[in-house]
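Residue numbers (our numbering), protein chains in the order written: chain D, 172 to 509; chain H, 172 to 509; chain E, 172 to 509; chain P, 172 to 509.
What follows is the structure, encoded as structure tokens:
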């Protein structure tokens, strides 16, 4: 249920609403828009009559909602969410570019990548310290050592760090070093992890699962927000289809659809989305043209030597050229590149 | 097999190659590039030794190819194919916009649409006279009457006409009235139709099937070209996936991949690709940013009254605004809108 | 609309209903059940009031239907359709086995196959004379020569012949030689072909398209029946999914679902359904256990030498063993193998 | 790498091999077949020369393997794995039937279900105590209270208990009460969970992910086995496709394919596989006919009142009838129902 307050409702009126929600054994989630406040009510609301709230002082209306997602829904919060990543804003007019290698491999590699992507204009450094691998025998990442290298790269370049967290046990550790906690596609519906991230103090980037519908993806985001962390970015990274010429099928439709259904920022990963190095720029341009709020792209000093994903990583000159192209496309849709 | 001639090979040397191909019971397909000529050899070439050709005067090399498609392959013909539609060129620097209603419904409707899309800057009028419908009880199109109305609209506006042909029996009739013969997604592998279109004298636009891989789509184009019609445009219109929030999943990846594998122009249909009117512009912009050579979009005087596809048709003001956006994006990728 | 007559309605009452339907510009399709007759009304019935029929003598009720398919729907005709193929019945208690090579290659090959499958207990000989091939350069079948060989094999063995028809132009020719006209998966929505088959005098076997939903498949069958040919068998042959370990994904669910929605017999093609010779028997057994009315399976004298589909064809001993297994499974579900 | 010992190799020879593996920083996994022992070597074996092992006394051969899965591969262990669940064997001639409600709802409900499925002949009780739900606002299960009720039902009926574990934190708790630890489809590639289960002392049932390929599913099983738990059962529960008439598409092909690639038992879940109560028996019969080693099916005292999955749950008489059918089909494929 959503209880919308009148534009000039007082703080006391607001508190009275929140108290009444709690008194019924339900959980209130206050949402502050620019003009008015809304209280989303979570819990078994079926036995509660919206009229009991509608009649309270300062309340404009109380409504049940039909969409299965609530807190992440644009029906509830009309304005775009702008996630503040330690001073860098994602979801506003400026498009965020996140770049770096698939895996952190060594200090030399991550520093070279960080400096190159910084120079080309990226705002975030990406790099995997914990790597989900299909096979238990493949390189699983440098783990905490990788996190330390990422933090060191941040110190040297000022880039914000985005990196994957794969388990509840490592949430605190990853959150200690990273600026954005990435949930991988295979964990989109790992509910224990989502709930744990709802209690983390860092923004979350939630990748869409290989066979996750747009609605399931938003429901997964709802898990994080419902547990208390409103700073979620969605990330479209391609879905699994019958087509085998490309690694995945980037769902370009998902960008406008997710942004219409939800107020959360939508980031696009063209590297996994197509999986073919030479075509990554075309897909990245398309994403920005379709309204993406950011791009996360794999860049490696020497793609042909990468321990993972070399076939879809750009080298430095290719990334520099991509940044140039993205700035022009961003301009064409009335935005800038961060 | 492909026999590449030397840059300055004489016509007599060229003819000698062609004759030898024929003498072996195979079919020669001469392809003229800007610098040199190539003869593609079609038939059971497995018993033929490329060396028998490589030693002929004027021949640079003779190679077997591994790609299953030959004539449509960029390995064979490096330069982009530019299809000349009665003076309007598709596949060059200018992006072709094709617009109009799903179905031709009446003279009034098609004339209103033609004039509006012409005014907004489209070069082609689209409109279905023969409609493939899932149910035998739905409106099947005005048939020849619809073709006549399309021809009339061309006469009044100068727009080129693109319309679907559904059966071998009607190829001549549709070719009599139309400028471009469209093959619908459900007929992508209707080989009898493809072969018949190979003998038609009008360009063909081949829509990708709902579950057609990129390679199968190119092989279907190969059927048309192998039978003698080199003027084929590919059209990406969305594939069928598990996602149900959109009608289809527009495969944005297919644009750069098809253009890398083939020299044929690639048109994109954002209307079917997403199936949601309000999101058609975002997808159209993405397509141009990814390198599409044209856009085919549904536009109707009154979408809410359309006999078919009203939910994905733009009205006139929306189309005008889309044209404005496409011009800006086109500029950003170094192209223009026709 | 469906007009159901009373159990003891007279022929005159029945004729009066049919005449009234015609007088309104609609087409009546009489359907005879064991207990009562129904008249399905096809055409633009939206302006017709069911009450106008309900009040006629001998009429039990007149109802609009919501399912998009009508004539093939079990709502309309409750009893299973039993298709009589020149004396051999498909859709009753006995399960029909159709077997033979992918393509007719030579007299020697087809005769050997026919005699072997006959001896093992099959009732139908399958074999392609016209072959839909992804590439225009692959073997396209022996065409009329292949049809003649199939007819010769029927003469010698008494097997009924099922073979594919790929184009409207060849319907009469194929119908002259064959007992069952097969529509291939790629032509499931080739509406010109479906309509033409509605006027043919031979039963039709309609394969499900690679991305055809169960409802679209039934709608395609509706095209054939609506044009006048009630003798349609459905054929599940696997759908296209992300799984690459098998050629297709046989949709076992489709058997009970199609049989619940429709009264038409459902045949299953395990050869295309899995595409792996050694696993064809497991899938065939599963199909019978799930309720299939028949099996169509590829059998070749020497699978390793077949011009097409050798990797999924059984040899004679394997087919004989499969027949033994199917008889046991059929018994377990209260049926027999024809 | 796999080091196969000679049939009569001594224990000392065997230990020498194991020691050498360890001395190279690799992990040995001894596998005992009926005739000979094999040592699977896990770790970065690329720098190790198989010849160094092949020359040791008692060694028959040392081979690198190409399949990405090793320990679960039939290439490595030819004999079927029979998982011993506290005395009940899964993977042998007898087919295991696991039945019960989607969620444990109350003592009354789970006891009624346990007694009914026991009486009908099931060997395992299924029931969810921790429920993965798409929405954070849906019923999430009775948690430990549910586990206790399952254990109580086991005490009263002798049925073995299979229930889902959703997070690493609850592995010990679930393992304390349950006999089989089920990994849900959404967690198929939750590697932290898989690794943790590799150290559990109870058998694991690993459901295939909605978009998991057969190879990825086997690789996920490899994670569990590589960490030390060889008692893994695979569970096919339907994949996600374009078809919307059914909840999922049960991949019947996966049964023979997984059993050919791996020695692990394959269980089938027809309830999720089709999602339609009235068609569950047809799919269950098909699974047994195709070679499944077990069936897990949802049964509820009153499906129409179930808190979850009521639309796909059988009631008691339906389950009893299904058991009767399965016994007949099992007999037809030379097996029995446990």
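Note that beta-carbon positions come from the ideal geometry of N, C-alpha and C, so glycine has one too.
Label residue i either buried or exposed according to how many other C-beta atoms from any shown protein chain fall within 10 Å of its C-beta, with 16 as the threshold for buried.
i	result
residue 179 of chain D	exposed
residue 399 of chain H	exposed
residue 198 of chain P	exposed
residue 220 of chain D	exposed
residue 327 of chain E	exposed
residue 386 of chain E	buried
residue 374 of chain D	buried
residue 241 of chain D	buried
residue 196 of chain P	exposed
Among the options, which has the Cα closest to the Cα of residue i?
i	options	result
residue 388 of chain H	H/372, H/413 and H/357	H/357
residue 510 of chain P	P/233, P/198, P/318 and P/190	Given that chain P is displayed from residue 172 to residue 509, the structure contains no residue 510 of chain P and the question cannot be resolved.
residue 271 of chain H	H/280, H/263, H/265 and H/264	H/280
residue 459 of chain D	D/380, D/426, D/258 and D/384	D/426
residue 224 of chain P	P/249, P/186 and P/441	P/186
residue 317 of chain E	E/310, E/299 and E/198	E/299
residue 268 of chain P	P/260, P/321 and P/275	P/260
residue 183 of chain H	H/229, H/202 and H/486	H/229
residue 508 of chain P	P/282, P/295 and P/483	P/295
residue 301 of chain E	E/322, E/209, E/290 and E/314	E/314
residue 418 of chain P	P/348, P/444, P/276 and P/402	P/444
residue 203 of chain D	D/494, D/173, D/227 and D/421	D/173
Taking only beta-carbon atoms, is residue i less than 8 angstroms away from chain H?
i	result
residue 296 of chain E	no
residue 424 of chain D	yes
residue 488 of chain E	no
residue 176 of chain D	no
residue 411 of chain P	yes
So what does residue i bridge to, in DSSP terms?
i	result
residue 508 of chain D	D/266
residue 178 of chain H	DSSP output for residue 178 of chain H lists no bridge partner at all.
residue 353 of chain E	E/335 and E/376
residue 406 of chain D	D/378 and D/438
residue 256 of chain H	H/259
Taking 8 angstroms as the CB-CB limit, is residue i close to chain E?
i	result
residue 325 of chain P	no
residue 339 of chain H	yes
residue 456 of chain P	yes
residue 397 of chain H	yes
Hey, could you find the ends of the alpha helix (DSSP H) residue i is sitting in?
i	result
residue 447 of chain H	Segment: none, residue 447 of chain H is in no alpha helix (DSSP H) and carries neither H nor E.
residue 235 of chain H	No alpha helix (DSSP H) contains residue 235 of chain H, which DSSP labels as neither H nor E.
residue 495 of chain D	487-503
residue 431 of chain H	425-432
In terms of residue numbering, what span does the beta strand (DSSP E) encompassing residue i cover?
i	result
residue 477 of chain D	Where residue 477 of chain D is concerned, there is no enclosing beta strand (DSSP E), given that its DSSP letter is neither H nor E.
residue 465 of chain D	465-469
residue 198 of chain D	198-203
residue 295 of chain D	295-297
residue 300 of chain P	Residue 300 of chain P -> no beta strand (DSSP E), and no H or E assigned at all.
So with Cβ pairs under 8 angstroms, would you call residue i a contact of chain D?
i	result
residue 305 of chain P	yes
residue 382 of chain P	yes
residue 245 of chain H	no
residue 280 of chain P	no
Report yes or no: is there a C-beta of chain P within less than 8 angstroms of the C-beta of residue i?
i	result
residue 378 of chain E	no
residue 415 of chain H	yes
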